[in-house]
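Peer 1: To start, I am sharing the structure in question, which I have written as structure tokens.
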Amino acid sequence: MSIIDVLYRILKVVIYLAIALTLLYISLLSFSPVIGAFALKWHYTLLPEVWTLDNFKFIFSDPFIIRSLESSVLVAFTTSLSSLVIYLLVILFMHYKEQRGWINTLFEIVVIIPLMIPAILLALSMYELYRPTAIGGTFLILVFAHITIVSPYVYRNLYSVSKIIDMKSLIEASRSLGAGLFTTLFKVILPNIYHGLLGAFLLSFAISFGDFEIANILAPWQYRTVTIAIFQYSFKNIWIASAIISIVIFVSVTATFSVAYISRKAIAKYTEVTR
Amino acid sequence: MEGVKVVNITKKFGNVVAVNSVSFSVEKGEFFTLLGPSGCGKTTTLRIIAGFERPDTGEVYIGGKLVNEYPPEKRKIGFVFQNYALFPHLTVFENIAFPMRIKRMSEDKIREKVKSLLELLKLEGLENRYPRQLSGGQQQRVALARALARDPEVLLLDEPLSNLDALIRMEVRRELKNLQRKTGITTVYVTHDQDEAFSLSDRIAVMDRGRIIALDAPSNLFENPKSAWLARFLRYKNIVESRVVNGEVEILGRRFRIDEFPSVPRDLKFITIRPDAIHISKQIDEGIIKSSEYVIFKGKMRDKLFYGHFTEIYITIDGYEVISMIPTEESEYYKLGEDVYVYVKKRDVKFLVA
Chain A
511 MSIIDVLYRI LKVVIYLAIA LTLLYISLLS FSPVIGAFAL KWHYTLLPEV
561 WTLDNFKFIF SDPFIIRSLE SSVLVAFTTS LSSLVIYLLV ILFMHYKEQR
611 GWINTLFEIV VIIPLMIPAI LLALSMYELY RPTAIGGTFL ILVFAHITIV
661 SPYVYRNLYS VSKIIDMKSL IEASRSLGAG LFTTLFKVIL PNIYHGLLGA
711 FLLSFAISFG DFEIANILAP WQYRTVTIAI FQYSFKNIWI ASAIISIVIF
761 VSVTATFSVA YISRKAIAKY TEVTR
Chain B
1310 MEGVKVVNIT KKFGNVVAVN SVSFSVEKGE FFTLLGPSGC GKTTTLRIIA
1360 GFERPDTGEV YIGGKLVNEY PPEKRKIGFV FQNYALFPHL TVFENIAFPM
1410 RIKRMSEDKI REKVKSLLEL LKLEGLENRY PRQLSGGQQQ RVALARALAR
1460 DPEVLLLDEP LSNLDALIRM EVRRELKNLQ RKTGITTVYV THDQDEAFSL
1510 SDRIAVMDRG RIIALDAPSN LFENPKSAWL ARFLRYKNIV ESRVVNGEVE
1560 ILGRRFRIDE FPSVPRDLKF ITIRPDAIHI SKQIDEGIIK SSEYVIFKGK
1610 MRDKLFYGHF TEIYITIDGY EVISMIPTEE SEYYKLGEDV YVYVKKRDVK
1660 FLVA
């Protein structure tokens, strides 16, 4: 065996080790709260000294936590549905009307702005902007802010799907066959992009459900979200906070895997169509 | 009667003039082709007729009716896209039935009409398949059937054969021509492929940089290209510079009296001779020398390229290179570097002004 082969093997082992350690680190960070959710006593040991399900029992019996879960679901659902409707109409408009490159370029820029501005700045700006209006102090202000932060993900997701299915051609084909806007939307477009819609919905739901920075500033007292509940319980009882975190993780992981699965299915379906 | 009439349409995208003052009319039942290289404005013109693009100026008439303000769904058109744009979630039957369902026709009528279209396009037995389960040729026929299902006044086809491989393209081309003859539908066809245009069309408009530069029947267009650009585009190979000097025309380095040729333009810039009209011989026949029908040159054979039944022979004449196309079995008599006589009928010399 030459020295090159030996070096190559050592390098391979180092790379595998680095990958394994990275995965382990991410898993520990992500899933240690899940283990903590089942702990009654856990101080100086690798795993909890006393295991229990009482943390979950408490979560589902405490009115504040239940209300925070309901608020998070309401805000995340309203955000996801509203952003889908908004960006579906935008994408449809882009393809339905004569193609205007500047609209695409403008949207490409506008939707990435939330990625560049820190969430706390966005929240404070929205607070100042909407405080004197009717939606100041309602859960809608949080929905508006969440629609802004999910925009890049929803827009990009829907835009990619529209490109995969060649939405422009489908719309034009439908119109050339005598169909108007609504027939085209309901009979041609929606049946072909429901994978993308579902993916964008789940992604936006997970982002909205897991937000703390914006919710902490904008959520009115009767709509405190689950992440605020986590924050508050982290000072009182870390294991109950861990149980709530594990619910958030469950929602996010389920949404992420669903998005990945749906996207893979959609791409497989449409690449077969266009092959 | 006019099927389609386009009057002075212009369309700009930003600073780019895609279509520049284009006018033409297509008779009812005519097969009319817009032919040109990529980016010449042919597809934009078709899309303006369909209503997918709005012209900056000009008018579009379909069946004698001004349709500028009508959206595509209100124009009586059938459009076949380059990528077919079949609805992936619908079966062949439902794709074809789509325009009839929009019109809310009865189920019996829909079944009857879809059946007749499936027969016409030879798609029987495929009605329950999805587009992804069809070959390119079958998808193309479904797209045609779907476009015809709306009973359009005009059928618009945007390079519908370009995604098919060569053999299937030839087959579908014939089917398309037969279909148009059978249905008698006014057709506007867009292509960059000369063979397709010449074999299918009643008339062809050749476009370049947004303008129509020639419009004629295929045979006239092919026989008499008016410019060097058109000749090159129509794959004429022997295009050489020429001029008129003191009542004489210069052809391949030799001068001839103008009156020996039919209609030589004074502003002549080039001449062209089709390779199949250039004859070669090792010894010149007495009859040809005496005939006033021919012009004769002496050249040297430089190269030959085999193309199956035919072979191209490259000959230099007084510094000019010309190509002759002869049957392959004859080409074996000629060796590289040999002197050959080249003779061409005077009427096969085409004079080009630009």
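Read top to bottom, the protein sequences are chains A and B. Each residue of the first sequence is one higher than the one before, counting from 511 in the working numbering. Each residue of the second sequence is one higher than the one before, counting from 1310 in the working numbering. Heads up, the beta-carbon is just placed ideally off N, CA and C, and yes, glycines get one too.
(1) When you compare the CB of A/Leu-598 with every CB in chain B, is at least one pair closer than 8 Å?
(2) Would you list, in chain order, the members of the region 1372–1383 of chain B that have their beta-carbon closer than 9 Å to a beta-carbon of chain A?
(3) Which stretch, first to last residue, makes up the beta strand (DSSP E) that contains B/Thr-1319?
(4) Can you find a CB in chain A that lies within less than 8 Å of the CB of B/Pro-1636?
(5) Is there contact here, the region 1527–1545 of chain B with the region 1368–1388 of chain B, by at least three beta-carbon pairs under 8 Å?
(6) Please determine if the region 537–557 of chain A and the region 744–764 of chain A are in contact, where contact requires at least 3 C-beta pairs separated by less than 8 Å.
(7) Under the three-state reduction of DSSP, which class applies to B/Glu-1484: helix, strand or coil?
(8) Can you find the residues in the same chain that come closer than 7 Å, C-beta to C-beta, to B/Asn-1683, ignoring five residues on each side of it along the sequence?
(9) Going by beta carbon distance, what residues of the same chain come within less than 6 Å of B/Gly-1372, once the five residues before and after it are set aside?
(10) With a 10 Å radius around its C-beta and 16 neighbouring C-beta atoms as the bar for buried, classify B/Val-1325 as buried or exposed.
(11) Is there a Cβ from chain B that is less than 8 Å from the Cβ of A/Thr-693?
(12) Please decide whether A/Ala-621 counts as near chain B, where near means a Cβ-Cβ distance under 8 Å.
(13) Find the residues of chain A that neighbour B/Lys-1422, judging by a C-beta separation of less than 9 Å, and give them in chain order.
(14) Select from the region 1350–1367 of chain B all residues with a C-beta closer than 9 Å to any C-beta belonging to chain A, and list them in chain order.
(15) In chain order, what residues of the same chain lie with their CB nearer than 6 Å to the CB of A/Ser-762, ignoring the 5 residues before and after it?
(16) Is B/Tyr-1629 near the ligand HEM, going by C-beta to nearest heavy atom under 7 Å?
(17) Could you check whether the Cβ of A/Asn-702 sits closer than 8 Å to any Cβ belonging to chain B?
(18) Could you give the distance in angstroms between the alpha-carbon of B/Ser-1444 and the alpha-carbon of B/Asn-1392?
(19) Taking 8 Å as the threshold (C-beta atoms), are B/Glu-1311 and B/Asp-1511 in contact?
(20) Using a Cβ cut-off of 8 Å (strictly closer), state whether A/Glu-682 contacts chain C.
(21) In the DSSP assignment, the beta strand (DSSP E) including B/Lys-1609 goes from what residue to what residue?
(22) DSSP three-state label for A/Lys-551, please.
(23) Is the region 617–630 of chain A touching the region 677–689 of chain A, taking contact as three or more C-beta pairs under 8 Å?
(24) Strictly under 8 Å for the Cβ-Cβ distance: is A/Leu-708 near chain B by that measure?
(25) Select from B/Ala-1452, B/Tyr-1439, B/Arg-1459 and B/Glu-1433 the residue whose C-alpha is nearest the C-alpha of B/Lys-1418.
(26) Using a Cβ-Cβ cutoff of less than 7 Å, which residues in the same chain neighbour B/Ser-1332 once the five nearest sequence positions on both sides are dropped?
(27) Which residues in the same chain have their Cβ closer than 6 Å to the Cβ of B/Gly-1596, if we skip the five residues on either side of it in sequence?
(28) According to DSSP, is B/Glu-1336 part of a helix, a strand, or is it coil?
(29) If you draw a straight line from the C-alpha of B/Phe-1606 to the C-alpha of B/Lys-1655, how long is it?
(30) Going straight from the alpha carbon of B/Ile-1521 to that of B/Ile-1358, what length do you get?
(31) Mind pulling the chain A residues with CB within less than 7 Å of B/His-1398?
(32) Are the CB atoms of B/Ile-1593 and B/Asn-1547 within a distance shorter than 8 Å?
(33) Cα-Cα, which of B/Ile-1632, B/Pro-1574, B/Leu-1457 and B/Gly-1608 is closest to B/Arg-1544?
(34) My output table needs one value for B/Tyr-1370: the three-state DSSP class, helix, strand or coil.
(35) Whole angstroms are fine: how far does the CA of B/Ser-1528 sit from the CA of B/Ala-1361?
(36) Please confirm whether B/Asn-1324 has its beta-carbon closer than 8 Å to some beta-carbon of chain A.
Peer 2: For this structure:
(1) By one-based count along the first sequence, residue 598 of chain A stands at place 88. A/Leu-598 does not count as touching chain B.
(2) Pro-1380, Pro-1381, Glu-1382 and Lys-1383
(3) Residue mapping note: residue 1319 of chain B aligns to position 10 of the second sequence, counting from 1. From DSSP, the beta strand (DSSP E) with B/Thr-1319 extends over 1311–1322.
(4) If you number the second sequence from 1, residue 1636 of chain B lands on position 327. So, not an interface residue.
(5) no
(6) yes
(7) By one-based count along the second sequence, residue 1484 of chain B stands at place 175. Looking at B/Glu-1484 - three-state DSSP - the assignment turns out to be helix.
(8) In the structure displayed, chain B extends from 1310 to 1663; residue 1683 of chain B sits before or after that span and is not available.
(9) For the purposes of this step, residue 1372 of chain B is taken as the residue at position 63 of the second sequence. Contacts found: Glu-1462.
(10) Your numbering for residue 1325 of chain B matches position 16 in the second sequence. Per the 10 Å Cβ criterion, exposed.
(11) Within the first sequence, residue 693 of chain A is the residue found at index 183, counting from 1. Yes, A/Thr-693 lies at the interface with chain B (some Cβ there is under 8 Å from its Cβ).
(12) Translated into the one-based positions of the first sequence, residue 621 of chain A becomes position 111. Before going on, a small fix: residue 621 of chain A reads as Val here, not Ala. Taking Cβ atoms only, chain B never reaches closer than 8 Å to A/Val-621, which makes this a no.
(13) Walking along the second sequence from the start, residue 1422 of chain B turns up at place 113. Within 9 Å Cβ-Cβ: nothing; B/Lys-1422 doesn't reach chain A, min ~14 Å.
(14) Arg-1356, Ala-1359, Gly-1360, Phe-1361, Glu-1362 and Arg-1363
(15) Counting from one through the first sequence, the residue named residue 762 of chain A turns up at place 252. Cβ within range, chain order: Ala-716 and Gly-720.
(16) Absence of the ligand HEM is noted for the structure shown, with no ligands found whatsoever.
(17) Counting from 1 along the first sequence, the entry for residue 702 of chain A is found at position 192. Output row for A/Asn-702: interface = yes.
(18) Along the second sequence, one-based indexing puts residue 1444 of chain B at 135. Along the second sequence, one-based indexing puts residue 1392 of chain B at 83. About 13 Å.
(19) Position 202 of the second sequence holds residue 1511 of chain B. Position 2 of the second sequence holds residue 1311 of chain B. Not closer than 8 Å, so no.
(20) Absent from the structure: chain C. Protein chains present are A and B.
(21) Here residue 1609 of chain B refers to the residue found at position 300 of the second sequence. Segment 1603–1616, the beta strand (DSSP E) holding B/Lys-1609.
(22) Position 41 of the first sequence, counted from the first residue, corresponds to residue 551 of chain A. In the structure shown, A/Lys-551 sits in a strand (DSSP, three-state: E or B).
(23) no
(24) To locate residue 708 of chain A, count along the first sequence from 1; it is residue 198. For A/Leu-708, the answer is no, since every Cβ of chain B falls outside 8 Å of its Cβ.
(25) Taking the second sequence and counting its residues from 1, one reaches residue 1418 of chain B at position 109. With distances taken between Cα atoms, B/Lys-1418 lies closest to B/Arg-1459.
(26) One-based indexing of the second sequence puts residue 1332 of chain B at position 23. Counting only Cβ-Cβ distances below 7 Å, and skipping sequence neighbours, we find Val-1315, Val-1316 and Asn-1317.
(27) For the purposes of this step, residue 1596 of chain B is taken as the residue at position 287 of the second sequence. The answer is none, since no qualifying residue turns up.
(28) Reading the second sequence from its first residue, position 27 is the one you call residue 1336 of chain B. DSSP places B/Glu-1336 in strand when its eight states are reduced to three.
(29) If you number the second sequence from 1, residue 1606 of chain B lands on position 297. If you number the second sequence from 1, residue 1655 of chain B lands on position 346. Their backbone Cα atoms lie some 12 Å apart in a straight line.
(30) Numbered from its first residue, the second sequence carries residue 1521 of chain B at position 212. Numbered from its first residue, the second sequence carries residue 1358 of chain B at position 49. Rounded to whole angstroms, B/Ile-1521 to B/Ile-1358 spans 16 Å at the Cα level.
(31) Counted from its first residue, the second sequence places residue 1398 of chain B at position 89. Simply Pro-701 and Asn-702.
(32) Here residue 1547 of chain B refers to the residue found at position 238 of the second sequence. Here residue 1593 of chain B refers to the residue found at position 284 of the second sequence. Cβ distance not < 8 Å, so B/Asn-1547 and B/Ile-1593 don't count as in contact.
(33) Numbered from its first residue, the second sequence carries residue 1544 of chain B at position 235. The option with the nearest alpha carbon to B/Arg-1544 is B/Ile-1632.
(34) As a first step, residue 1370 of chain B is located in the second sequence; it is residue number 61 there, counting from the start. Note: B/Tyr-1370 maps to strand in three-state DSSP.
(35) Indexing the second sequence from 1 puts residue 1361 of chain B at position 52. Indexing the second sequence from 1 puts residue 1528 of chain B at position 219. Checking the sequence shown, residue 1361 of chain B turns out to be Phe, not Ala. Spanning the two alpha carbons is a distance of roughly 32 Å.
(36) The count along the second sequence starts at 1 and reaches residue 1324 of chain B at position 15. For B/Asn-1324, the answer is no, since every Cβ of chain A falls outside 8 Å of its Cβ.
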